[in-house]
Each structure stands twice: as C-alpha cells, then as structure tokens.
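Some notes on the structure that comes next.
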Amino acid sequence: MSHPSPGAVLKAVSKGRGGIHVAHNKITAESETVRMPPPRTVVLPMQQHIGAPCTPTVKKGDHVDVGQVIGDSDKYVSAPIHASVSGTVTAVADVKLANGRMAPAVTIESDGLMTRWEGIAPPKVTDKAELIAAIRASGLVGLGGAGFPSHVKLNTPEDKPIDTLIINAAECEPYITVDYRECLENSWNIMGAVYTLADLLKVPNVVIAVEDNKPEAIRVLQSIADDDNNRGDTVKLMTLKSRYPQGAEKMMVLSATGRRVPAGGLPADVGCIVMNVASAAFVSRYLKTGKPLTSRSVTVSGDCIKNPMNVRVPIGTSVREIIDFCGGFTEEPYKILSGGPMMGQALVSTDVPLLKSNNAVLAFSKRGAGLKANRDCIRCGRCHEACPMGLIPTQIVKYANKRDAEELSKLGVSVCMECGSCAFSCPANEPLVQYMRLAKEIMREAGVK
Amino acid sequence: MNEPAKLTVSASPHVKGPATVTGIMFDVIIALCPAAIASVAIFGLRAALVIAVCTASCVAFEYLSRRIMKRSSTIGDLSAVVTGVLLAFNLPVGIPLWMCVIGSFVAIVIVKQLFGGVGQNFANPAITARIVLLVSFASAMTNFPLPKSVDAVASATPLATLAGFDRTADLTGQIDLYRAADKLPSFFQMIFGVRQGCLGETCAVALLIGAAYLIVRGVIKITIPFTYIGTVAVFMLIASRGDLTYTAYELMGGGLILGAFFMATDYTTSPVNTKGKIVFGIGCGVLTSVIRLYGSLPEGVSYSILLMNIACPLIEKATAPAYFGFVKKKKEKKPKEEKAEGGAKA
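Protein sequence lines correspond, in order, to chains A and B. Residue numbers for the first sequence follow our numbering, so the first one is 979 and each next one is one higher. Residue numbers for the second sequence follow our numbering, so the first one is 9 and each next one is one higher.
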C-alpha cells in the first residue's frame, strides 16, 4: 500500500464529511498542568478498559507502593491495574462507578508518601514483541477516552501491513485541553514516542494530527520535527479543520490518508494505527522510567467550577476530591460529566473514582447543560447531514420504534460511534444517541449484525 | 465540599446546537413576508385578509384538533402559521372566505393531524388543501381577478394563454402579438408579479428574495428547487424549440417558483438524502412539464408535487446513501456467510 498524495487525501476528505461546528470553550488551554497532592484514598476498579476485567492480586491489609500491580488478568485483551498511591489496601469490594454500575475494586488508603515500588525499572525493548509486552505491563489504555488496551491496538497482525502511524492530537471535544497541554508540556516525549514506535513497528509514515484551533501546539511540534534532520519527511505534522468529530478514529484515518475504514473494521484494515497523543507521550516516558500508568491529566472545567484547570491526578481519586482541589463549585451544579460534553458520561454522584480513560471532569449549571423538551421530528434531515458516518438517524428512529432489527442493520446502525452530532443538530431535541443505543440493543437481542 | 443534592443524568450529548423547530418555521415565515407584501401591493388589501383568515383558521384548527385528540398543543412550533400562509398563497384573491376555512380544515385536520401531526403527513398540507378546493370549487378557484394597477380586458392567466399557443409556430411572435393586445403581461410585469394568478405565486422577485434568505439561513437546500426548475426549463426549451421568451414565461407564469422553493422543499414530504432530493426535483419537473404541455390543465405544479410527495418514501428507499465504510456483501450462500461471521467474532 503506497501512501496517497496530499491531493488525493484532500479530495477524499472534502466529500460528504458531516460533522458539526461546536463552540470550543477551551477555557483551560493556558492553564499549565498542576500536580494534585496524593488523595486520602483511591478506589481502583478492576475494569478500566475495554476487554476482560482484572482479578485483584492484593488482599485487605496488604501494603502497596506506587506502581505495584494490584490487579491483572490472563486474558489478552485486558490491561493490568497498578496502585496509584502508596499505602494500605482497606477493601477489595464492589464500588459504584460513574455510570451507576457496581464493579469490583481495590481501595487503598494513602500513607501520603507516594513511595515508589522497588520493582520499577525501565523495560528492555529492542523489537516489536518486547514493545507489546512492555506496553501491556505498563497498563496503558487509550487515554483519549475509549480505553482500549494499547498493546492490542499496536499488535497488528502480520497480514495487515501498517504504513501510517497517526498520533491523534485533534482533541475535538469542547472544553478538554489535556492533549493540548501534553503537546506543549511534553512535546519531546511525544516526538520520542513517534520515533520509537515508528522504528519498532516498522511504520514508514507518521502523521501528527492537530486541529487548527491549536496553533501553539502546531508551532511547538513543528519546530521539534524540523530540528530532526535525519528523518526527512517521514514525520508529518498535519493541521486539520476544527470540526467535531475530527478526533474520532475513523475520521482521523480519513483526514490523514483519505482512506475509509470498512464498516466493522479497524484502522489496521487500511494500514493505519491511530494513537492518542497523551498515550504516545506516556509510552515514551514509560520506556525511559518504567513507571506504569498510575496518574493522568484531566481537564476540570465547566461553568460551575471555581478554578477551571488541568490537573495531574492519581488514577482512582474520587471526582469529589478533584473538584475540591479546583476550588469546588461556584453554584449548585445541574450536571457533572466525566468526559467531554459531546460524548461524556453524566455522573450519578461525585463519589466515583477517576478511571484511566477519563480525560475531563466538567460541572455545568442548568444554563450550560439544561435539558430541552423534545418535539416531534420534522424530518428536516439535519441529523443525516451532521452524521460523519452518513447514517440517517431519522429513519433509524422510525425502525427502532418498530423494533425492526433487519432494517436497522441495513441502515448501518453498527457503524454509529455515538459522537452525538445528530442529537446536537436536531431542532426537535430528539434524544438521537439514546435511539442509536436502543437500535444497537434491538439488533443485539435479535442476533442481527 | 458537600455532595450536590441532585444531579441530572441523561444521555450524551450534553450541549445542543442552536436550531429549533420554532426557529426554522419562523425563518420560513420571514421568507414568505416579501411575497405576502407583494401580494397586497398587487392585489389589494383583500390579499391580506385571505392570508389572515387562512393563517388564523389553520392555527385554530391545529389547536382544536390537538385538544380533541388530547395531545399537547403544538401551535407554538409555528408550523400551522406556515401552512396557513402557504395555503393563502395558493388561492386566488377573490376566493370566498369560508372556502379558506374549509381549505385550512383539510390542510391541518385531515392531512396533518389525522396522520399524526408535524413530520407525519404523507403530503404537503397546503398543496393538498389547494387541490381539494380546486376540484370542489373549480370556478371560484380559477377566477383570477386582474391586479389593481392593470386596466386590461379580463382574460386568462399567462399559463392558460400560453397553453393555447401553437408550439410549432413562432412563439416569440405570438407572445408579442398577445402582449400588444394586452392579453399577456410584459416581461417586466411578469418578474414583479403584476399578472393574474394565485395571490402569492405571482411576484417572482419577492419569492426569490425569500428563497435566498432560506438558503442562506440553511433552512432549505437548493437541490430540489434547482433540479425542479431546471427540469421544467429543459422541457420547455425543447418543447418551444429553444424559444427563451416562451421558456421564461413558463417558468414565471404559474406557481413554479413558489412551489419549487417553498412547497417541494417541505421537510416532511421530500427526501432527506441528496440523491433522493435530486430524483424528487427531477420527478416534479417532469410531471409539471408533462401536465403543462400535454394535459388539459394549464398548471401542474401542485399535482406534481402531490404525486412526488406520495412517492417520497419509495425514492428515499431506492436512493438510500451508503454509510461510512459500507462494503458490498459478496454473494455467498447463507450458511457460509454465517460461518465467516462467527470466525471473525472469535
């Protein structure tokens, strides 16, 4: 597979993209990431990724140090969980998660020392197999929000040659600025990861994709890429139009290469790997230090937060403590989200732990995120125009109400990534994303793919 | 910090775009204003009365029917106002007012509410009401008074006059002849709507200003009007063997501009996908042209839109766009396919 010319990419990309323009509200863009002091306790659920849950490897009363494995699984599609503070395990029991579900978790009471586990050492990585093993051991999952174990993503099968590695720094969700800060604060780590991954995975082309509303990030990354003369033009910095959902994996592949990931397929099917920029920077740090994924950056923002900022938080810290660290609320919040306003999850309580894949905590007043009564659909077709996947949500609603799994399958519901562009643009305020989930559930029940 | 007392949980997305149903309908009303003003200027104050009666009775029927059916009131979405104004635009200025009320009843109660209200009607309410009135009260519906400013002998509408022409002879010559005898309006009068016709359809300039507003505001796409008017233009050019004057008269003569921009683009009764819109527009154009050229009626805009409205679900089905990454399934025997899927899953 040869790399397509820029002209061909442009042609493929400009046609029928869908998407929406959404107010960026990146109010924390200039806020340098602040490291939060160790919380009193952390709660580490055993499933913070897509795939098999982990089994706790510690028991109540054990002493653990930062970076020690506390949960692991023998399944391949899974990622180990590490202690994010040093202290004593006080419970191994079910806890309530952000979505209201109960899940097994390990609770650690911090001793406030943040002692590093003595077993931490930089991994020895010389080829792809060692890299994959090291990344699995690091506990890395996609930090952009999906939470897919990174070692699975990078371990592409031999029969699918990869010619392009895409580092995703689009960050198209409003409010969130952690990836942007990562570009500015850890740009050398990002470039380090780019070179390491490109060499070990033998990927000839690397594209770092940034939306055009982040000129500073583009400038910094470009200057570093320009400094490195040995690489020629194998590493390209690509400026993408700011249009939600630009950062979605399939959109990203289309923007960077002009290729369309087939329905039901993965970027590897068209010779691409997409990796979040924060995940890439983590890989670079991990290969240098061996310190596994025990903390991450989150954007704390929204119109109810007193001091909106970016915070580096130990994983498992409760949302309540994170908000407290940012000065608490300015007024009674109406809705608290984990993740961005387009795809984030509304929290049932602030008493839930921050997971590896959570990139933001947003608190909104009724003004900011008030619900609107829905009216009858007028079939205006705005949902279809907005859908980046070219679906026709208004038809899907019709057949979901009829519970017609066959028709839903023909309409391609399974390619829906629930980006919310349809519901955002719906003048009748139809809960279209909910309908998409309902449609998928109807198809799953009927056994239709 | 204390735990917030009450948190709202809902499905994503948690922010909403600016578009609202009421806003869209309001934009359509704004777009209809130039033509409404023009109609009063051309046909006198009675035009305003017809518009007012149609609008008021449409809103009243919307309110009453929803109430009787024990459903929530929907007059706030302004769609009944749009229907009322459009219905009035499709009536001659001298129509008895009670007929306006009957038309409003057909539009709102029968075509719209009995099928489930906004978004559910199978045909455009205003067009259907016009057709019902036309077949019920043919003489009142085809009695087109002359504009106030014209002192000509009462005659037929431009389209009816054109329909009587011999298309094998020199058409421009015939038009000139009729114009000299004041039996056809001048080109200038045609553009500004100083001619006989339904009260909202005559002023091409006012309609185009409104249409431009709708397109700029993103309320309608130009696809349907463009393909519709384009198809009619092509047909008329062929039928008149390239006579531009005749074609221009045909395009501005009847309700084509009103129909193409304001009626055929009705969301509910036109396809949502672009390919479907093109088919829909061409279909309307073909039907209109065939009715005008070969039918016994001088005008065919409302019938063709109604027919295409009914075909809309079929068009949508036939032109369904491929979704992202759609792969054509290879023709395989069923058991094999299942096996392959199972394998991919494992």
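Each residue gets a CB set at the ideal place from its N, CA and C atoms; glycine is no exception. The model shown is predicted, which means the values in this text are computed figures rather than measured ones.
Query: Within-7 Å CB hit, G125/B to chain A; Result: yes
Query: Amino acids of chain B, ordered along the chain, whose beta-carbon sits closer than 7 Å to that of K1313/A; Result: L15, T16, H22
Query: Rounded separation between N1183/A and R1237/A - CA only; Result: 15 Å
Query: Chain B contacts made by the segment 1350–1380 of chain A, where a contact means CB separation under 9 Å; Result: K1350, R1353, D1354, C1355, I1356, R1357, C1358, G1359, R1360, C1361, H1362, E1363, A1364, C1365, P1366, M1367, G1368, L1369, I1370, T1372, Q1373
Query: Below-7 Å beta-carbon distance, R1422/A vs any chain B residue; Result: no
Query: Spatially closest choice to S1273/A from G1425/A, K1266/A, F1260/A, by CA coordinates; Result: F1260/A
Query: Own chain residues within Cβ distance below 6 Å of S112/B, not counting five before or after; Result: C62, S65, C66, F69
Query: 6 Å CB neighbourhood of I1113/A in its chain, flanking five on each side removed; Result: S1128, H1129
Query: Nearest residue (CA-CA) to D1141/A, options G1125/A, D1157/A, L1175/A; Result: L1175/A
Query: Contact list for P133/B against chain A, beta-carbon separation under 8 Å; Result: Residues of chain A passing the Cβ test: none, with the nearest at roughly 13 Å.
Query: Residue-level contact to chain A via CB, P25/B, 7 Å cutoff; Result: The sequence given here has Gly at residue 25/B, not Pro. It does: the Cβ of G25/B has a partner Cβ on chain A nearer than 7 Å.
Query: Neighbouring residues, chain B, relative to F1342/A (Cβ below 8 Å); Result: H22
Query: Any C-beta of chain B under 7 Å from that of Q1412/A; Result: yes
Query: Proximity winner among C108/B, L264/B, K229/B, relative to E209/B (alpha-carbon distances); Result: L264/B
Query: Local Cβ density within 10 Å of M77/B, reported as buried at 16 or more and exposed below that; Result: exposed
Query: Where V29/B meets chain A, residues with beta-carbon distance less than 7 Å; Result: R1353, I1356, P1405, A1406
Query: Under 8 Å from the C-beta of T1417/A: neighbouring residues of chain B; Result: According to the sequence shown, residue 1417/A is Ala rather than Thr. Those do not exist, as A1417/A stays about 13 Å from chain B at its closest Cβ, beyond 8 Å.
Query: Secondary structure of G92/B, DSSP reduced to three states; Result: helix
Query: Rounded straight-line distance, which links the Cα of I1144/A to that of P1017/A; Result: 35 Å
Query: Neighbour list for T281/B in chain A, Cβ cutoff strictly below 8 Å; Result: Correcting the residue identity first, residue 281/B is Asn in this sequence and not Thr. Neighbours of N281/B on chain A, chain order: G1359, H1362, I1370.
Query: Cβ neighbour criterion (16 or more within 10 Å) applied to L1369/A; Result: buried
Query: Neighbourhood of N1407/A by C-beta distance below 6 Å, restricted to the same chain and skipping five residues each side; Result: K1350, N1352
Query: Closer than 7 Å to chain C by CB, I32/B; Result: Considering every chain present, this structure includes no chain C. Its protein chains are A and B.
Query: Endpoints, alpha helix (DSSP H) assigned at R79/B; Result: Run containing R79/B: none; DSSP gives neither H nor E here.
Query: Through-space distance from G1346/A to D1281/A, alpha-carbon basis; Result: 7 Å
Query: Of the residues V1411/A, I1420/A, A1401/A, the one placed nearest T28/B, counting alpha carbons only; Result: A1401/A
Query: Any 3 or more C-beta pairs closer than 8 Å across the segment 1050–1058 of chain A and the segment 1003–1012 of chain A; Result: no
Query: Residue-level contact to chain A via CB, G333/B, 7 Å cutoff; Result: yes
Query: Closer than 7 Å to chain A by CB, P12/B; Result: yes
Query: F1402/A - DSSP class collapsed to helix/strand/coil; Result: helix
Query: Extent of the continuous beta strand (DSSP E) run through I1186/A; Result: 1183–1189
Query: Under 7 Å by beta carbon: chain A residues contacting D85/B; Result: R1353
Query: Where E136/B meets chain A, residues with beta-carbon distance less than 9 Å; Result: Sequence check: residue 136/B is Thr here, not Glu. Result: empty, since nearest Cβ-Cβ is about 17 Å, beyond 9 Å.
Query: Residue environment, S1062/A, which counts as buried when at least 16 other CB atoms sit within 10 Å; Result: buried
Query: Chain-ordered residues of the segment 1146–1159 of chain A with a beta carbon less than 9 Å from chain B; Result: P1152
Query: Reduced DSSP category for A64/B - H, G, I as helix; E, B as strand; rest coil; Result: helix
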